[in-house]
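Which chain is which? The protein sequence lines are A and B, in order. So for the first sequence, UniProt numbering puts the first residue at 1; every next one is plus one. So for the second sequence, UniProt numbering puts the first residue at 1; every next one is plus one. Encoded as structure tokens, the structure appears first; notes follow it.
Protein chains: 2
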Amino acid sequence: MDELLSMSIGGAIFSGNSSIEDEIDRLSIKIEEADVHLREKGRDDADGYGWVNLPYQDLTKIIETADWLARSDAIVQIGIGGSALGNRMLVNALLPPFYNELEAPLRRGPRFYLLENSDPATAAAVLNRIDVSKTAFVVVSKSGSTTETIAHFLWVWQIVRDKLGNKAQEHFLVITDPKKGALRKFAKATGCRSLGIPESVGGRYSVLTSVGLATAAAVGIDIEKLLLGARQMDQRLAMRQQTWENPAWALAALNVIHARLGRNMAVMMPYGDGLLAFAEWFAQLWGESLGKNGFGTTPVRALGAIDQHSQLQLYMEGPDDKLITMIDVQNRPGFELPRKIEDDVLREFDFLCDKTLGDLLSIEARSTASALIKAGKPVVYLKIPEISEIYVGALVFFYEYVTALVGLLMDINPFDQPGVEQGKRYIYSLMGRPGYQEYESEVEKYFGICSKFEIIV
Amino acid sequence: MDELLSMSIGGAIFSGNSSIEDEIDRLSIKIEEADVHLREKGRDDADGYGWVNLPYQDLTKIIETADWLARSDAIVQIGIGGSALGNRMLVNALLPPFYNELEAPLRRGPRFYLLENSDPATAAAVLNRIDVSKTAFVVVSKSGSTTETIAHFLWVWQIVRDKLGNKAQEHFLVITDPKKGALRKFAKATGCRSLGIPESVGGRYSVLTSVGLATAAAVGIDIEKLLLGARQMDQRLAMRQQTWENPAWALAALNVIHARLGRNMAVMMPYGDGLLAFAEWFAQLWGESLGKNGFGTTPVRALGAIDQHSQLQLYMEGPDDKLITMIDVQNRPGFELPRKIEDDVLREFDFLCDKTLGDLLSIEARSTASALIKAGKPVVYLKIPEISEIYVGALVFFYEYVTALVGLLMDINPFDQPGVEQGKRYIYSLMGRPGYQEYESEVEKYFGICSKFEIIV
Numbered sequence: 001m002d003e004l005l006s007m008s009i010g011g012a013i014f015s016g017n018s019s020i021e022d023e024i025d026r027l028s029i030k031i032e033e034a035d036v037h038l039r040e041k042g043r044d045d046a047d048g049y050g051w052v053n054l055p056y057q058d059l060t061k062i063i064e065t066a067d068w069l070a071r072s073d074a075i076v077q078i079g080i081g082g083s084a085l086g087n088r089m090l091v092n093a094l095l096p097p098f099y100n101e102l103e104a105p106l107r108r109g110p111r112f113y114l115l116e117n118s119d120p121a122t123a124a125a126v127l128n129r130i131d132v133s134k135t136a137f138v139v140v141s142k143s144g145s146t147t148e149t150i151a152h153f154l155w156v157w158q159i160v161r162d163k164l165g166n167k168a169q170e171h172f173l174v175i176t177d178p179k180k181g182a183l184r185k186f187a188k189a190t191g192c193r194s195l196g197i198p199e200s201v202g203g204r205y206s207v208l209t210s211v212g213l214a215t216a217a218a219v220g221i222d223i224e225k226l227l228l229g230a231r232q233m234d235q236r237l238a239m240r241q242q243t244w245e246n247p248a249w250a251l252a253a254l255n256v257i258h259a260r261l262g263r264n265m266a267v268m269m270p271y272g273d274g275l276l277a278f279a280e281w282f283a284q285l286w287g288e289s290l291g292k293n294g295f296g297t298t299p300v301r302a303l304g305a306i307d308q309h310s311q312l313q314l315y316m317e318g319p320d321d322k323l324i325t326m327i328d329v330q331n332r333p334g335f336e337l338p339r340k341i342e343d344d345v346l347r348e349f350d351f352l353c354d355k356t357l358g359d360l361l362s363i364e365a366r367s368t369a370s371a372l373i374k375a376g377k378p379v380v381y382l383k384i385p386e387i388s389e390i391y392v393g394a395l396v397f398f399y400e401y402v403t404a405l406v407g408l409l410m411d412i413n414p415f416d417q418p419g420v421e422q423g424k425r426y427i428y429s430l431m432g433r434p435g436y437q438e439y440e441s442e443v444e445k446y447f448g449i450c451s452k453f454e455i456i457v
Numbered sequence: 001m002d003e004l005l006s007m008s009i010g011g012a013i014f015s016g017n018s019s020i021e022d023e024i025d026r027l028s029i030k031i032e033e034a035d036v037h038l039r040e041k042g043r044d045d046a047d048g049y050g051w052v053n054l055p056y057q058d059l060t061k062i063i064e065t066a067d068w069l070a071r072s073d074a075i076v077q078i079g080i081g082g083s084a085l086g087n088r089m090l091v092n093a094l095l096p097p098f099y100n101e102l103e104a105p106l107r108r109g110p111r112f113y114l115l116e117n118s119d120p121a122t123a124a125a126v127l128n129r130i131d132v133s134k135t136a137f138v139v140v141s142k143s144g145s146t147t148e149t150i151a152h153f154l155w156v157w158q159i160v161r162d163k164l165g166n167k168a169q170e171h172f173l174v175i176t177d178p179k180k181g182a183l184r185k186f187a188k189a190t191g192c193r194s195l196g197i198p199e200s201v202g203g204r205y206s207v208l209t210s211v212g213l214a215t216a217a218a219v220g221i222d223i224e225k226l227l228l229g230a231r232q233m234d235q236r237l238a239m240r241q242q243t244w245e246n247p248a249w250a251l252a253a254l255n256v257i258h259a260r261l262g263r264n265m266a267v268m269m270p271y272g273d274g275l276l277a278f279a280e281w282f283a284q285l286w287g288e289s290l291g292k293n294g295f296g297t298t299p300v301r302a303l304g305a306i307d308q309h310s311q312l313q314l315y316m317e318g319p320d321d322k323l324i325t326m327i328d329v330q331n332r333p334g335f336e337l338p339r340k341i342e343d344d345v346l347r348e349f350d351f352l353c354d355k356t357l358g359d360l361l362s363i364e365a366r367s368t369a370s371a372l373i374k375a376g377k378p379v380v381y382l383k384i385p386e387i388s389e390i391y392v393g394a395l396v397f398f399y400e401y402v403t404a405l406v407g408l409l410m411d412i413n414p415f416d417q418p419g420v421e422q423g424k425r426y427i428y429s430l431m432g433r434p435g436y437q438e439y440e441s442e443v444e445k446y447f448g449i450c451s452k453f454e455i456i457v
């Protein structure tokens, strides 16, 4: 019954050092160890490693909840970072463009809005777009205390309660830690619906938990297929025990070696508007997992073919400091360019006839890869047959796997984020949270250095 | 009558080398020379330098054309790169969020769509959103031969002509070179409306020409105010003849020095959803202007506060390889968080009461800057009073100026883009354009190297 994955991943692995393949071979033993470690920890459901098991989870409760969500006119998900990016990625890839603009019969489910950034202009605009009495609010925070999310939630909760009184909680779904935190307490106290986020899964690895799947299913994305894709990818990766046969091993090794050679950026450049947010999702996964101990290549988000008109000049002739990944898509909704040019003055474009716009996009991907390779830049070229649930699920699992392997190869914990705590303490102090007053003077002290130069224009 | 600009630009200029201020002082003479060069070439309207004069242009014809555009139900702009990014930036910053979703009375003008990427899914979706008989199509390409733009144009032109016959050209506005190119010929042959792009202005510097301004004015953006902001910025910059008084000089110098010290990334991280596309616009300006001769720092697009939950870990604890610019906004549409927490289980968030969501966003900017500075990372902190026409105009001119100065300081021509030609030749060859057959085998040869490793999953 299963549709079978069929992706190809290849690349040109230039470097200043011609022995790069040998170097990768020398990494082989370490890669194998990292892989064994990853799978063992996954099996134990160790802290941070729980995503390894997500392709095999039972979806019953999530689908039940999604059925309820699907009955509203609009869904507003309140969350930030890992509690929003995965959703944005799924919606961007798997729903029609301009989804929220479409009349109801053309949509597969409710309209879907995110309250993510603490930006009052966006928040006010979202509230203006909905009728709260027909809206489901999905509040997502694993800790239950993410500042932006709680701020949005408190504000929305007051509005809904003012309007709907003691029916307000019937419009809320809380997705949070199964036991701990303020949102869990809130769910217990009000009796509103809730889903748990597995304790062993961190925010940036959580798209295949309730965090990503509940609202995705509600808007008509086939979440069984997402898991099927992830499962197949997992099984393929488990079968391949040679670096040059296992794409996750090969890519992890390539990334480690290129980083050592001074290429400190990992460009993610899918070709197709539907994968724009995939590059965003990747950027969080990569940046937050690997950016520690002075290590970490910087994820650079790009979009083909648009960034050929923005970043390609730099990629071609700027410093050789990037490993560039391009994702091409084989089948795109075909539609044909005119078969014949009728205007004399446009005759020079005859060569475009009998092509499709999709042909053009894939030709651009291939041509740009060739030009970069000719210029001696390392390129990874990944090709999927189509942008669909099964391939998005496969890509998600694949990049989670690669990221974790790179972290382990660099002796980094790819599942923590200690570096964001300082900023949080500072935010709490300026917001006046009890217990954080001591940091206020520190914020001012360091911010003062910002006026090392200060120019009023 | 003029509203006066009031922006502050400051920063913490750490580096491994404590003498960075001295180094910048040593650059002073070169900066002054570059500035004189820039203004002289601008005065002569030399090739590439024409943007220097745009703040002083006469808008009569653009406004006349915009009045005509404003009478349609929807505007579809066909363009890519510099012929789309500036428009996206203006619309994102200066129109309400979810603009196209709003009912007509809540909008200031027609709905606005871009056909930018050669992605058939998006193109089909845009066509489904409009009634061609009530739509104005704006085709933008300076050369008149940009492949993606022409492909979209040929396709749309056929559809509109099939539907509206010899009234079709009444729905088209062409924005292109005043004399040359296929689109100019098309405008002459059909008699459709047209605007010129000044010959001395390149694509990525063209947002304040007809390219950016015509549709902006049509959707209700005050383009006189945009120019006013640019003009005031120009005059302020012209008055300041000391590096540490002139923000463009200071920033250009900082960028050059940090690049020399190995910081090969320029992070642009505005705080506010309305400036997301500003970072995109900056990325093209910066990347395509400076990425040549093996030089060029890579623009990294970020968005505060969202990227605190995605990239901050890396910025804090990853390699010290970035110069990070944050843009804060003083006045945001206020709306208040609840004044009192009524639920016991949420009492721990009392500290959020009596703040606004806008306060939170600015506190996040300030706290994150402090945390980065404490971690020893160089930060530029720019603050504008509000996101409005005058400040967007000022920022545009400011960053164009800084970019050009950096190019001149590095002995780079910031107005060409030779590195994209190779890719274009390859695209033409695969598309079968006469005269480019010879490159086809070259594409295949270099693309073949892509299978240096190739793994079928």
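Every residue, glycine too, gets a C-beta built ideally from N, C-alpha and C.
**Contact under 7 Å by Cβ, Ile-75(A) with Val-139(A)** = Locating residue 75(A) in the first sequence gives position 75, counting from the first residue. Locating residue 139(A) in the first sequence gives position 139, counting from the first residue. Not a contact, by the Cβ cut-off of 7 Å.
**Prompt:** What is the DSSP secondary structure of Phe-137(B), counted as helix, strand or coil?
**Reply:** On the second sequence, residue 137(B) is found 137 positions in, with the first residue counted as 1. Correct three-state label for Phe-137(B): strand.
**Message:** List, in chain order, every chain A residue whose beta-carbon is nearer than 7 Å to that of Gln-77(B).
**Reply:** For the purposes of this step, residue 77(B) is taken as residue 77 along the second sequence, with counting starting at 1. Here the premise fails: no neighbours, minimum Cβ distance about 14 Å.
**Item:** Host alpha helix (DSSP H) of Pro-247(A) (start-end)
**Value:** Taking the first residue of the first sequence as position 1, residue 247(A) is located at position 247. Pro-247(A) -> alpha helix (DSSP H) spans 247-260.
**Request:** Starting from Phe-172(B), trace the beta strand (DSSP E) both ways and give me its first and last residue.
**Result:** Position 172 of the second sequence holds residue 172(B). In this chain, the beta strand (DSSP E) harbouring Phe-172(B) covers 172-176.
**Request:** For Gly-432(A), go through chain B and note every residue whose CB falls closer than 7 Å to its CB, in chain order.
**Result:** Walking along the first sequence from the start, residue 432(A) turns up at place 432. Below the 7 Å Cβ cutoff, chain B contributes Phe-351 as neighbours of Gly-432(A), in chain order.
**Item:** DSSP state of Ile-78(B) mapped onto helix, strand, coil
**Value:** For this step, residue 78(B) is matched to residue 78 along the second sequence. Of the three classes helix, strand and coil, the one that applies to Ile-78(B) here is strand, per DSSP.
**Asked** Between Val-207(B) and Ser-194(B), is the Cβ-Cβ spacing less than 7 Å?
**Response** Residue 207(B) sits at position 207 when you count from the first residue of the second sequence. Residue 194(B) sits at position 194 when you count from the first residue of the second sequence. Cβ atoms of Val-207(B) and Ser-194(B): not closer than 7 Å.
**Asked** Residues in its own chain within less than 8 Å of Pro-414(B) by CB, not counting five upstream and five downstream?
**Response** Here the question's residue 414(B) lines up with position 414 in the second sequence. Around Pro-414(B): Gly-48, Ser-289, Leu-290, Thr-403, Ala-404, Val-406, Gly-407 and Leu-408.
**Asked** Which residues bound the beta strand (DSSP E) around Ser-118(A)?
**Response** To locate residue 118(A), count along the first sequence from 1; it is residue 118. Judged by DSSP secondary structure, Ser-118(A) falls outside any beta strand (DSSP E); it is assigned neither H nor E.
**Prompt:** Helix, strand or coil for Ala-123(A) per DSSP?
**Reply:** Along the first sequence, read from residue 1 onward, the residue named residue 123(A) stands at position 123. Reduced to three states, the DSSP call for Ala-123(A) is helix.
**Message:** Is there a Cβ of chain B sitting closer than 7 Å to that of Gly-16(A), yes or no?
**Reply:** For this step, residue 16(A) is matched to residue 16 along the first sequence. Any reading at Gly-16(A) is ruled out, since the residue's pLDDT is 48, under 50, leaving its predicted position unreliable.
**Request:** Please report the Cβ distance between Phe-282(A) and Tyr-399(A), rounded to the nearest whole angstrom; I am assuming they are in contact, meaning their Cβ atoms lie under 8 Å.
**Result:** Position 282 of the first sequence holds residue 282(A). Position 399 of the first sequence holds residue 399(A). About 6 Å; that satisfies the 8 Å criterion.
**Prompt:** Val-140(A) CB to nearest chain B CB: under 7 Å?
**Reply:** As a working note, residue 140(A) is residue 140 in the first sequence. Not closer than 7 Å to any Cβ of chain B, the Cβ of Val-140(A) fails to qualify, so no.
**Request:** Answer yes or no: do residue 468(B) and Ser-118(A) have a C-beta to C-beta separation smaller than 7 Å?
**Result:** The shown model of chain B, from 1 to 457, leaves out residue 468(B), and the question about it has no answer.
**Request:** Give, in chain order, every residue of the segment 251-277 of chain B whose Cβ lies closer than 7 Å to some Cβ of chain A.
**Result:** Per Cβ criterion, the list reads Asn-264, Met-265, Gly-272, Asp-273 and Gly-274.
**Request:** Return the CA-CA distance between Glu-454(B) and Lys-383(A), expressed in angstroms with no decimal places.
**Result:** What you label residue 454(B) is simply residue 454 of the second sequence in a count that begins at 1. What you label residue 383(A) is simply residue 383 of the first sequence in a count that begins at 1. For Glu-454(B) and Lys-383(A), the distance between alpha carbons rounds to 11 Å.
**Item:** Neighbourhood of Gly-191(A) by C-beta distance below 7 Å, restricted to the same chain and skipping five residues each side
**Value:** Taking the first residue of the first sequence as position 1, residue 191(A) is located at position 191. Taken in chain order, the residues that qualify are Gln-169.
**Message:** Checking 7 Å against the spacing of the C-beta atoms, do Asp-411(B) and Ser-362(B) come in under that value?
**Reply:** Here residue 411(B) refers to the residue found at position 411 of the second sequence. Here residue 362(B) refers to the residue found at position 362 of the second sequence. No; because the gap between Cβ atoms is not below 7 Å, this pair is not in contact.
**Message:** Quick check on Pro-299(B): does DSSP put it in helix, strand or coil?
**Reply:** By 1-based counting over the second sequence, the position of residue 299(B) is 299. Residue state, collapsed to three classes: strand.
**Message:** Buried or exposed for Glu-421(B), going by 16 or more other Cβ atoms inside 10 Å?
**Reply:** To locate residue 421(B), count along the second sequence from 1; it is residue 421. Exposed, since its Cβ has fewer than 16 Cβ neighbours within 10 Å.
**Asked** Roughly how many whole angstroms lie between the Cα atoms of Glu-364(A) and Asp-354(A)?
**Response** In the first sequence, counting from the first residue as 1, residue 364(A) sits at position 364. In the first sequence, counting from the first residue as 1, residue 354(A) sits at position 354. Taking the straight line joining both Cα atoms gives about 16 Å.
**Prompt:** For Ala-240(A), which of helix, strand or coil comes out of DSSP?
**Reply:** The residue you call residue 240(A) lines up with position 240 of the first sequence. Position check: residue 240(A) holds Arg in this sequence, whereas Ala was assumed. Here Arg-240(A) sits in coil by DSSP.
**Message:** Quick check: what's the CA-CA separation for Lys-292(B) versus Ile-150(A)?
**Reply:** Looking up residue 292(B) in the second sequence gives position 292. Looking up residue 150(A) in the first sequence gives position 150. Rounded to whole angstroms, the separation of the alpha carbons of Ile-150(A) and Lys-292(B) is 46 Å.
**Prompt:** Excluding the five sequence neighbours on either side, which residues of its own chain have a C-beta within less than 7 Å of the C-beta of Asn-331(A), listed in chain order?
**Reply:** On the first sequence, position 331 is the one that residue 331(A) refers to. Here the set comprises Pro-385 and Glu-386.
**Message:** Which residues does DSSP list as the beta-bridge partners of Ile-9(B)?
**Reply:** Your numbering for residue 9(B) matches position 9 in the second sequence. Per DSSP, Leu-382(B).
**Item:** Chain-ordered neighbours of Glu-288(A) on chain B, where CB pairs are closer than 9 Å
**Value:** The residue given as residue 288(A) occupies position 288 in the first sequence. Within chain B, the residues His-309, Ser-310, Gln-311, Leu-312, Gln-313 and Leu-314 have their CB atoms less than 9 Å from the CB of Glu-288(A), given in chain order.
**Item:** Integer-rounded CB distance, given that Val-52(B) should sit under 8 Å from Ser-370(A)
**Value:** Here residue 370(A) refers to the residue found at position 370 of the first sequence. Here residue 52(B) refers to the residue found at position 52 of the second sequence. In fact, because the Cβ distance is near 37 Å, the residues do not count as touching under 8 Å.
**Neighbour-count burial assignment, Arg-236(B), 16 or more Cβ in a 10 Å radius** = The residue given as residue 236(B) occupies position 236 in the second sequence. Arg-236(B) comes out buried.
**Prompt:** Interface residues of chain B around Tyr-205(A) at Cβ under 8 Å?
**Reply:** Looking up residue 205(A) in the first sequence gives position 205. By Cβ distance, chain B contributes nothing, its closest Cβ being about 13 Å from Tyr-205(A), past 8 Å.
**Contained alpha helix (DSSP H) runs [length at least 4] in the segment 346-426 of chain A, N- to C-terminal order** = 357-374 and 389-409
**Message:** Quick check on Ser-310(A): does DSSP put it in helix, strand or coil?
**Reply:** Working through the first sequence from its first residue, we reach residue 310(A) at position 310. Of the three classes helix, strand and coil, the one that applies to Ser-310(A) here is coil, per DSSP.
**Asked** Going by beta carbon distance, what residues of the same chain come within less than 6 Å of Leu-114(B), once the five residues before and after it are set aside?
**Response** As a working note, residue 114(B) is residue 114 in the second sequence. Only Gln-77 and Ala-84 meet the Cβ criterion.
**Asked** With distances taken from CA atoms, which of Ser-19(A), Glu-21(A), Gln-57(A) and Met-7(A) is nearest Arg-231(A)?
**Response** By one-based count along the first sequence, residue 231(A) stands at place 231. Here the closest residue by C-alpha is Gln-57(A).
**Item:** Chain-ordered neighbours of Met-7(A) on chain B, where CB pairs are closer than 7 Å
**Value:** Counting from one through the first sequence, the residue named residue 7(A) turns up at place 7. Here the neighbours are Val-457.
**Prompt:** Of all the CB atoms in chain B, is at least one closer than 7 Å to the CB of Gly-181(A)?
**Reply:** In the first sequence, residue 181(A) corresponds to position 181, counting from 1. Not closer than 7 Å to any Cβ of chain B, the Cβ of Gly-181(A) fails to qualify, so no.
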